[in-house]
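The UniProt record's numbering puts the first residue of the sequence shown at 1, with every later residue one more than the last.
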Amino acid sequence: MKCGATHVAGLLGEEMSLFCNFQDAPKLIKDKLLLSSVVEEYGVTLKRQGKEWVGLCPFHEEKTPSFSVNDSKGVYLCRGCSAHGDVITFVSEMTGQSPGQVIRSLVKRLGYQITPSEEWKSGRVSNKRPILRADDRDLLTGFHNYVAQMAHRNLVALLRHEPDSPVVRYLQQERSYSESVILQYGLGYLPSQAELYDLARAPHPLNPEPTELTRQHWEALAVETGLLKNGHSRSMFQGRLLFPITNSSGQCVAFSARVIPGAEGDAILPDRKYLNSPNTRIFDKSNALFGMVPWSEVLDDSALREAWRTRLNTSVVLIVEGLTDAIRLAERGIHAVAAMGTGITKSHLRTIFRQFKYVQVVTDGDDAGISAAKRTLVEGIPFLKPGTRFYAIALPEGEDPDTFFEVASNADTVQSMLAILPKLHVEDVWYQQFIAPVCEPLTLADQVTIERALSGTHDAPMPEDPDWRLAFHRFVADKTGYVTRPYCHKRGIGLPSPLHHSLIQGDAAVFWLYRVSRYPALLACLSPWDNRWWVRDALNGLLANPIEVPPTLRVLFHTRASLSENTIDPNELESWSDLAHHLIEAGFPSSLLVHWSEIARDTDRSLEKLGYTQEVFAPDLWEYELTSWVEDLDKRLTSRLHQSVSAT
């Protein structure tokens, strides 16, 4: 692994480093790196074809090359799976790193450094303690990375040359951690005998690039980051096992530190098993998750990078209570995350649900653990989406993940062990907390409680996703027998009518409903016909013959009417979720909505087989085709009506 001391020393003006602003970095990368060369570095064989390079797509399995690279434009495109982007996107997809993390690593590869403030570049030889500015975030991050690298190099040396040291005995004998997982998480150790600044300043094989900062500059950074207290030269993080905590770009922004059994005397405040960095301008405990993003420095090693990529490419994540629990599960091939001395917050869960579909909260089986798991489940309700599985698993009493899974040999064994344990499902926890108990038969008070809980406007959270909201309504109806407002609309919402399903059968219906789910504003182009006689008759059921008004248009005009009653402008709807949410609130027939949702998500993959999912997004063309169809229908129906009236 590269030592990375240039994160601070280089940032402060070493002549060997070039500088660039972060906002200029993407252009620099694209100008200096040939996309086809980068693609081939990741094992993709490319062949020249005209002005482009072609090869098998690395993002999906295929036998015929559909992946092309255009170096002159700096972009790639797969005509099979629609993957596309530039060099930053490609490396991000291949490594699992965030775009910001990729930018920093590629800038480093080119020999550049992100520019710090001018005061810090020129002030490294000053004896005056500088004032940190708001734009010195990169400097603070670089400082954390430098300290983390210094600690990591020291621990690696102990692992390989001093197996009897207390920290090595703790990791390899007591915890049974492999060297690989220690390296994957960038664990570190700083000896407690020397002052922190002296460790960074002294030339040493484990410190090949000593800091050039003066003591005043160093301590200003150390105090700002919480590594030092004002007036102290030794850090509370020395003499402890260090866990680097990363931000979304994979940069170290904080530390957690554990007392080492048998070496408690080396630590300040030995009675506190764990110490965590305080909140700073680059770190907030309520947003940070240990294990969510790998430390960027470990990704220089291909084996460590592949280990992280394998875990991150799964759809399953476990939320655990301790940092060592997350590492234990990583040894077994399971991706796990842990909070930093706080409960799991909404911000944590928002981050988790962006990346994973199967979220399991693993908790101790005692009352405190169960209560914490229930809070986490309730906090996560707004982020539920189609395909999500979210529940808690209680371990046997007296067990924690670190000890319980020690006997597991791999990821399959872990999941088998979890499968037989009792589970807490999110809907059950929500119901027990916000509705239960209820009387039989229901009282008026029970009905008010149910309506308030399902409204999502009071203390009880509700999913933002319309499919999950509908599922909660049905769950309550099944539990209590009470039919809530979304089922009581005058148009029959909630009634399982086979006629509703027949309205959206056939290729034409599926075709247009899928388009509207992709582009709800398409409904706006139907406004000129809202008050036409045949539209009103169709909505009122007076035109029963589907040949006269196609079922698809019945559904679309029904949708417009539902939105209009609630003064919703289709032009303001950006997604299927927006449209479905407003239709639920408007009392749109639930059976229609469920079938439409299946079309929008293509649950049976029938749209994919018909090629609809590959259709180019072309709103102008869709509006033209839809209005042309309706104009023609309007002329034919109106002409027929005039003929009938004249004949009489």
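Every residue gets a Cβ at the ideal spot worked out from N, C-alpha and C, and that includes glycine.
With a contact defined as Cβ atoms closer than 8 Å, L377 and L424 qualify at about 6 Å. Between P58 and Y42, the gap from beta carbon to beta carbon is short of 8 Å. Residue burial is scored here from C-beta neighbours: R469 has at least 16 other C-beta atoms within 10 angstroms and is therefore classed as buried. Rounded to whole angstroms, the gap between the alpha carbons of L323 and P205 is 30 Å.
Taking a C-beta distance under 8 Å as the contact criterion, N571 and A521 qualify as a contact pair. In the three-state scheme derived from DSSP, where H, G and I count as helix and E and B as strand, L539 is classed as helix.
I393 has its alpha-carbon roughly 32 Å from the corresponding atom of R169. Put simply, of V181, I88 and F237 the residue whose alpha carbon is nearest the alpha carbon of L190 is F237. D467 is classed as buried because its beta carbon has at least 16 other beta carbons within 10 Å across all chains shown.
The beta carbons of I599 and L513 sit closer together than 8 Å. Setting aside the 5 residues that flank it on each side, E40 is surrounded in the same chain by L46, each with a C-beta closer than 8 Å to its C-beta; the list follows chain order. In the structure shown, H425 falls within a strand segment according to DSSP collapsed to helix, strand and coil.
In this structure, the CA atom of A471 is about 24 Å from the CA atom of Y519.
It is roughly 22 Å from the alpha-carbon of E52 to the alpha-carbon of L28. Counting C-beta atoms within 10 angstroms of its own C-beta, T559 has 16 or more neighbours from the protein chains shown and is therefore classed as buried. Judged by DSSP secondary structure, P244 falls within the beta strand (DSSP E) whose first and last residues are R240 to T246. T559 has no beta-bridge partner at all, per DSSP.
Note on geometry: alpha-carbon atoms of H581 and D465 lie some 7 Å from one another. Fully contained in the region 567–616 are the following alpha helix (DSSP H) runs of length 4 or more, in chain order: 576–586, 590–601 and 606–610. In this structure, G333 keeps its C-beta atom at 8 Å or more from the C-beta atom of P294. Between the region 415–432 and the region 336–351 there are fewer than three inter-stretch CB-CB distances shorter than 8 Å, so the stretches are not counted as touching. Within the model, the alpha-carbon separation for P386 versus V516 is close to 18 Å.
When the alpha-carbon of E212 is set against those of E219, A220 and R201, the nearest one is in R201. According to the DSSP secondary-structure assignment, V39 is paired through a beta bridge with no residue.
P382 is positioned such that its CB atom lies no closer than 8 Å to that of P270.
Counting other Cβ atoms within 10 Å of its Cβ, R354 stays below 16 and is therefore classed as exposed.
Residue nearest to D138 within the set F283, L159, I88 and G55 is F283 (criterion: CA-CA distance). Contact between V362 and P401 is confirmed by a C-beta separation of about 6 Å, below the 8 Å threshold. The alpha-carbon separation between V316 and A373 amounts to approximately 17 Å.
With a cut-off of 8 Å on Cβ pairs, the region 241–255 is in contact with the region 295–312, counting three or more such pairs. The region 82–93 makes contact with the region 102–110, as at least three CB pairs between them are under 8 Å. A direct Cα-Cα distance of roughly 20 Å separates D367 from T345.
Taking 8 Å as the cut-off, the beta carbon of A586 is found closer than this to the beta carbon of S562. Around A326, the same chain offers F290, G291, V320, A336, V337 and A338 as residues with beta carbons nearer than 7 Å, after the five sequence neighbours per side are excluded. When the five nearest sequence neighbours on each side are left out, the beta carbons in the same chain lying within less than 7 Å of the beta carbon of K30 are those of G74, D86 and V87, in order along the chain. For the set N287, A254, L593 and T310, the Cα lying nearest the Cα of T225 is the one of A254.
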